[in-house]
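One structure is given here, and the rest of the page talks about it.
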Amino acid sequence: MNATEHLRLFYENYDEDARLLGRAGQVEYLTTMRYIEKYLRPGMRILEIGAGTGRYSHALARMGYRVDAIELLECNIAVFQKNTLPGEKITIRQGNAVDLAPIASESYDMTLLLGPMYHLFTPDEQRAALTEALRVTRHGGLLMTAYCNNEATMLRFCFMQGGITDPHFDPLIDKETYKCTSNPEDRFVLHRPQEIDALMEGLPAEHLHLIGTDMMTHYMKDAIEAMTDEVYEHYLRYHFLICERPDMTGITNHYLDICRKS
Numbered sequence: 054m055n056a057t058e059h060l061r062l063f064y065e066n067y068d069e070d071a072r073l074l075g076r077a078g079q080v081e082y083l084t085t086m087r088y089i090e091k092y093l094r095p096g097m098r099i100l101e102i103g104a105g106t107g108r109y110s111h112a113l114a115r116m117g118y119r120v121d122a123i124e125l126l127e128c129n130i131a132v133f134q135k136n137t138l139p140g141e142k143i144t145i146r147q148g149n150a151v152d153l154a155p156i157a158s159e160s161y162d163m164t165l166l167l168g169p170m171y172h173l174f175t176p177d178e179q180r181a182a183l184t185e186a187l188r189v190t191r192h193g194g195l196l197m198t199a200y201c202n203n204e205a206t207m208l209r210f211c212f213m214q215g216g217i218t219d220p221h222f223d224p225l226i227d228k229e230t231y232k233c234t235s236n237p238e239d240r241f242v243l244h245r246p247q248e249i250d251a252l253m254e255g256l257p258a259e260h261l262h263l264i265g266t267d268m269m270t271h272y273m274k275d276a277i278e279a280m281t282d283e284v285y286e287h288y289l290r291y292h293f294l295i296c297e298r299p300d301m302t303g304i305t306n307h308y309l310d311i312c313r314k315s
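Residues in the sequence shown are numbered consecutively from 54, following our numbering.
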């Protein structure tokens with residue numbers, strides 16, 4: 054199977070629409086929305102590339118923004134369309150993040166790339182997705198890109214679950230640097246901050262934020278789900294306080310990199 058077929062098989066058997074529900078899942082969603090809302094201005098036109106089932110696109114459309122969405126997989130598009138409410142100024146079409154040729158340059162005030170970098174397996178594909186996202190973003194507009202963090206996989210899968218000794222993953226883990234590589238069969242691509250910087254080098258973008266959108270949440274998921282409302286509110290306040298601290302963000306499952314097109 055090629056990369057797209059592996060991805061389709063995964064998402065046809067995974068409830069992506071429910072991933073950001075529950076108290077633990079909400080941390081990533083609330084953090085991402087917090088930073089999106091920080092930069093929203095009236096009348097902005099928004100593009101979401103790799104929109105999945107549309108959690109962010111629909112939220113923004115229901116706030117009154119005009120949103121266009123691109124999604125690779127038919128199964129996600131079907132859920133996206135099912136979740137669309139009357140009156141939403143929103144469109145969805147099938148497409149690939151590495152080639153947005155049908156979209157004119159400088160079309161959007163804010164571009165969201167919140168899923169594709171998880172599943173693009175070569176630096177050329179990753180760079181192409183970033184280049185295309187910036188191309189369709191207006192000068193001075195925002196690009197927000199999500200990445201999966203290498204260290205969270207090392208800690209949670211390799212050490213907490215014992216995956217470090219699984220023969221299947223042995224060729225994918227450098228035992229000197231503990232950097233994970235990925236192939237389409239394993240679906241998810243992992244990054245470190247310096248690799249994000251290297252991908253962005255030379256692109257017309259001013260860096261604004263690198264955020265850990267879920268930080269330690271998935272290491273203590275059961276405890277978070279059991280929190281009282283009061284404790285959970287304190288947890289969120291603490292999380293928002295530390296989610297940009299460079300000494301803390303290495304623990305996160307997901308990064309959100311925000312830049313302004315220059």
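In this text, a Cβ means the ideal position worked out from N, Cα and C, and glycines have one as well.
Predicted model, so just to flag it, every value in this text is computed and none were measured.
query, result
"Closer than 8 Å by C-beta to residue 285: which residues in its own chain qualify, once you throw out the five before and the five after it? Chain order, please.", "76, 277"
"Need the endpoints of the beta strand (DSSP E) that residue 302 sits in, please.", "Where residue 302 is concerned, there is no enclosing beta strand (DSSP E), given that its DSSP letter is neither H nor E."
"Sort 258, 252, 311, 193 by Cα distance to residue 177 and report the nearest one.", "252"
"Using CA coordinates, which residue listed in 226, 136, 187 is at the minimum distance from residue 198?", "187"
"Just to confirm, is the Cβ distance from residue 107 to residue 167 under 8 Å?", "no"
"Taking Cβ positions, are residue 346 and residue 165 nearer each other than 8 Å?", "With the chain running from 54 to 315 in the structure shown, residue 346 is simply not present."
"Pull up the CB-CB distance for residue 83 and residue 289, whole angstroms please, since I reckon it's below 8 Å.", "7 Å"
"At which residues does the alpha helix (DSSP H) containing residue 163 begin and terminate?", "Element bounds for residue 163: not the alpha helix (DSSP H) but the beta strand (DSSP E), 161–166."
"Residue 155 to residue 133, Cα distance in whole Å?", "21 Å"
"Given this structure, state the Cα-to-Cα distance separating residue 118 from residue 249, to the nearest angstrom.", "29 Å"
"Could you compute how far the alpha carbon of residue 217 sits from the alpha carbon of residue 228?", "9 Å"
"Would you mind sorting residue 91 into buried or exposed? The rule is 16 or more other CB atoms within 10 Å of its CB.", "exposed"
"Following the continuous alpha helix (DSSP H) through residue 188, name the residue where it begins and the one where it ends.", "176–188"
"Taking C-alpha atoms, which residue in 257, 304, 255 lies nearest to residue 263?", "304"
"Have a look at 79, 233, 136, 131 and flag the residue whose alpha-carbon is nearest the alpha-carbon of residue 115.", "136"
"Can you tell which of 280, 266, 127 has the C-alpha that lies nearest to the C-alpha of residue 86?", "266"
"Please go through the stretch 64–139 and give each complete alpha helix (DSSP H) segment of 4 or more residues, from N-terminal end onward.", "75–92, 108–115, 127–135"
"State the start and end residues of the unbroken alpha helix (DSSP H) segment that holds residue 146.", "Per DSSP, residue 146 belongs to no alpha helix (DSSP H); it is in the beta strand (DSSP E), 143–147."
"Give the straight-line distance between the Cα atoms of residue 174 and residue 296, rounded to the nearest whole angstrom.", "27 Å"
"May I have the straight-line CA-CA distance separating residue 81 from residue 292, to the nearest angstrom?", "10 Å"
"Going by beta-carbon coordinates alone, are residue 141 and residue 191 separated by less than 8 Å?", "no"
"With a threshold of 16 other CB atoms inside 10 Å of the CB of residue 110, please say whether the residue is buried or exposed.", "buried"
"Only counting the same chain, and skipping five residues up and downstream in sequence, which positions put a Cβ closer than 7 Å to that of residue 163?", "92, 97, 99, 194, 195"
"Where residue 272 and residue 208 are concerned, what is the direct C-alpha to C-alpha distance, given to the nearest angstrom?", "9 Å"
"Report buried or exposed for residue 179, applying the criterion of at least 16 other Cβ atoms within 10 angstroms of its Cβ.", "buried"
"Can you check whether the C-beta of residue 218 is within less than 8 Å of a C-beta belonging to chain D?", "Reference to chain D is not applicable here, since this structure consists of a single protein chain."
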